[in-house]
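Residue numbers (this note's numbering), protein chains in the order written: chain X, 76 to 493; chain U, 62 to 575. Notes follow the structure.
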Amino acid sequence: MIAAALLYFTDILFNLFLIYRSFAHAPEIKISPKKMALLPDSYWPSYTILCPLYKEWQVVPQFAKAISAMEYPKSKLQVLLLLEEDDALTIAKIKELKLPKFFKIVVVPHSLPKTKPKACNYGLKKVRGEYTVIYDAEDIPDPQQLKKAVLTFEKAGNKIACVQAKLNFYNPSQNLLTRLFTAEYSFWFELILPGLQSINAPIPLGGTSNHFRTQDLKQLKGWDSFNVTEDCDLGIRLAKLGFNTAIIDSITHEEANSSLLNWYFQRTRWIKGYIQTYFLHTRSDKKLHHRRIDLHVIFVQLIIGGKVLSMFINPFFWSLTLLYVIFREHLGSIIDSYFPTPILYISVFSLFIGNFLYIYYYSLACVKSGHDQLVKYTFLIPFYWLAISLAAIKAVIEFITNPHYWSKTKHGLHINPA
Amino acid sequence: MIKNYRLLLFGFFLVVYTLAGFSLAYGLQIYHNDAIARTALGFFTIFGRDPHLGAIGFVWQPLPSLLQLPLLTLLRPLGFQMLAGPLIGAVFGAATVVSIFDISQLIDKKSHTKICVLIAALYGLNPMTVLYAALGSSETIFIGSLLFYSYFQLKWVLKKKQSDLVIASFFLALSFGSRYESVAAYLAGIFLVILIHVIRKNPFHKVESSLIQLCLPFLYVVGLWILANWAIMGNPFYFLNSPYSNPSFTNVVKENPAAMEFSYYSLIGSSMYAAKRVTLLAPGLFLLPVAYLSFRNGSPAKVKANLSVFISLLAPYLAIIGFHVYQLFKGESLGWLRFFSYSLVAATLLAIYLAKKQPRLIAIILLLLGLGLGSSAYAMSNSQFGKEENSFARKIANPSVELDYSRTYRDQKAVAKYMDRLPGRVILDTDAGFAIPLFATEPSRYIITSDIDFVEMVQDYHPNADWVIVPKPNADNIKKNIVFQHHPDIWSNTIHDLKLYTEVEGWGIFAVQK
């Protein structure tokens, strides 16, 4: 009980610190549009876009349109659509589409594990661009994002191995779930990740819009094909090798999951991946110790471990509080005995101030990301946390029974909501 | 050439207020009810028989006591616990002066910096500011929180960064932690946010999100306060309707109409009462029409920008004065002079604004602020206006004078020193004698009102206590004192196992017969 209370309290303080940093230092790298406009087409290096796809051919026209709209010399672009061999329908449908010439289809041979990182690793062998980025098929990136990423790499130097664009959604107002999901994404990409960047902490990458120097990526041997949050794992691996990740002030809009069940399975996979990554990187800490002594180990504990554990601690403490209020006569003294005075004060602080601060952070993030209309919905965030905690329970079970199973998220629900 | 005016102002006023506070607390032994009560509440939290945070009390806002906790821990072993309040007052007072200067820099960094330093210093040297900072009163902490709020709200108005509004909202919430008048500043804040968005022609969802962000921390703190009252006292509005609340104090005054020199329930009477005090404390407010004229001319955009700054600066403080007039009108205010000290802040901010916008008026501005020092001193020393301050002024002028305020605490100190000689546990309702444990050598042997089992101890004193101490009964304490409630005959000396041992300075020391 004491450990849980202290961990939760530390998590609150750590997040407060990150949010303070994200406001006080505005660590996102900003590239002036003027500067980009001055540079001729010949200046820009070759760029490869990897887009793994599985049974989501409906969103490909939207993707092709978004990529075609990017302000980058098309002669320097290589877009690899990574399709699975057993997904005959998608292969057929995409072949029917009139895609620009710089789009190429790569069919990934059927093998296990059947995961996105495995497809990306297969695609990596065919990359010919100096830089590589991953986009999901439903993404609509900022048209200037590739140029911003190139200039960020140049500006930040060799220490930066990855540039992460901010992610947000283009369908925030579709239903209540998408509203809350957008608030959560805004919180993560507008407040937490910039805060982490400001202290050079390991950054759990988002699943899309991660830009790399291809050479670095190949040296890193790509992604872990068995990890179901390969993005998070890669972010930690980069930190282990002494690289930093930069966040750029450029947004990729994605599709917010609008179906509760679909969201639940997606979230289960994410949490399972976080658990995998946590165990993977805490059992082999030697490199972390070697590079940045204990600070990075603490960050991994807080960012990955703390995030996952709080999903379990939150409902547990809420339930305990509820039990205390309802059954105080019968259970009061038993519950009291687990909370020595300092721990009681810390726990009360976490309950009343911590939970309030988190709700308030979500509202800040909504404003920062331009979603002012969502601020009023952040009052419902505790219910969203509860749903996350339910997904976390399933994630733990799956982590034990079926650790490498990739539950594919359905996309295109915004096109045909029914 | 002085480069860091902020440091200079802070350092100078910290020293001035600390020295003044030390002189009042340990030289003249002058304490202010409001300040010493909050020190006592913090003291019970740490050094009481039953140390717990709830002992901080649920009638008066807890921030002043909370801020004093670390200082009390450090100062008590040195015997300087009475300095905790004045030290917090000194820090907030000095920070308040710096905030006024910061606000001037926000309006315009380049022009008339030295004049703004002088204006800030004149605020800091005003006898009202010095006295209440030195006493460690909640007003100083409140004004400090409000000025931090004003700074960030003005920054939001000028720079349009949402993060500034967020910080402002937390300072506004913090201000509720020291005084209830913050509600008026909060309402003024809502008005200002709406006005700014209307001026900027922003869409509704922008207004909505800004209002939520401004209001949420304040409302949450109010909610927590109500929850704490309910959870600990069993009454969510204990702070409003308990025998210890402000309205109950004003009821005592209402029962004695002769004590009121102003007219309750009369808008004109209440307004006149306020106007006299505002005029004496802040003659600089006469410049309000000049300020209005100064931004009336110009392009519509400039007029709107000036109006935004002007309202942002003055609205919270004028709203609080309006709140006090309303309280007087309702008959729920004691009308202390310090309730109108917010006019001094408004006048100072107005002076800052005019010094930047109408520099040719600087001489008049300084003259009026200088005049304010004298007129404030006059109001404070005149018993008609400064009912509390007048007694302090007389004591400062002649330390041998015995006055009600100092006498009360002298009596309680005498009781504490007497009790130090008598071993055993002591029951005391701290409503009337909250300073007794504060002066005691061993406060943990006092069974006091904030102890969770206090009522049980009072009812069943025989096995639990050796002494019970109560003041002489009067119309007020006979209803409130928990000992009187359970043992109304105590002073008749007819309770077989509770006999009057002796009387010390109007207090009865009753021995429990074992």
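Note that beta-carbon positions come from the ideal geometry of N, C-alpha and C, so glycine has one too.
Please report the distance separating the alpha-carbon of residue i from that of residue j.
i	j	result
X/D299	X/P478	13 angstroms
U/S230	U/Y210	7 angstroms
U/I251	U/I287	22 angstroms
X/A493	X/F458	With a pLDDT of only 45 at X/A493, under the threshold of 50, the placement of this residue in the model should not be trusted; the figure read from the coordinates follows. So the alpha carbons of these two residues sit roughly 24 angstroms apart.
U/A195	U/F83	8 angstroms
X/L226	U/Y353	51 angstroms
X/P175	X/C126	15 angstroms
U/L127	U/G103	6 angstroms
U/S331	U/Y325	7 angstroms
X/S444	X/I388	29 angstroms
X/K193	X/Q239	20 angstroms
X/Y260	X/I215	16 angstroms
X/L266	X/Y437	9 angstroms
When the cut-off is 9 angstroms and only beta carbons count, does residue i lie next to chain U?
i	result
X/A493	With a pLDDT of only 45 at X/A493, under 50, the local geometry of the prediction cannot be trusted, and no value is derived from it.
X/Q249	no
X/F264	no
X/F244	no
X/S438	yes
X/F98	yes
X/Q448	yes
X/K443	yes
X/K451	yes
On the criterion of 16 or more Cβ atoms from any shown chain inside 10 Å, does residue i qualify as buried, or is it exposed?
i	result
X/S412	exposed
U/D465	exposed
U/H557	exposed
U/R5	Lying before the first or after the last residue shown, residue 5 of chain U is absent from chain U, which here runs from 62 to 575.
U/Q574	exposed
X/H100	exposed
U/K417	buried
U/L379	buried
X/L335	exposed
X/V400	exposed
Comparing C-alpha positions only, which one of the options sits nearest to residue i?
i	options	result
U/D527	U/G494, U/L483, U/A245, U/T555	U/L483
U/E566	U/Y334, U/S270, U/I497, U/I508	U/I497
U/P297	U/V120, U/G345, U/D163	U/V120
U/L85	U/A116, U/V178, U/F73, U/S198	U/S198
X/G281	X/L88, X/I209, X/G380	X/I209
U/F356	U/N367, U/F347, U/L348, U/A362	U/N367
U/F237	U/A155, U/V462, U/V283	U/V283
X/P218	X/R344, X/M111, X/F287	X/M111
Using a Cβ cut-off of 9 angstroms (strictly closer), state whether residue i contacts chain X.
i	result
U/S270	yes
U/L277	yes
U/K540	no
U/Y281	yes
U/K267	yes
U/L167	no
U/V218	no
U/V584	Here chain U covers residues 62 to 575 and nothing more, so residue 584 of chain U does not appear.
U/V339	no
U/L114	yes
Identify every residue that forms a DSSP beta bridge with residue i.
i	result
U/E564	U/G569
X/K241	X/I326
X/K179	X/L155
X/F287	X/T207, X/C237
X/Y129	DSSP output for X/Y129 lists no bridge partner at all.
U/W528	U/V487, U/A572
X/P216	X/T327
X/N319	X/I235
U/I509	U/L489
X/Y122	X/L152, X/Y206
U/L559	U/V573
Closer than 7 angstroms, Cβ to any Cβ of chain C: which residues of the stretch 410-435 of chain X, in chain order?
Among the protein chains of the structure shown, namely X and U, there is no chain C.
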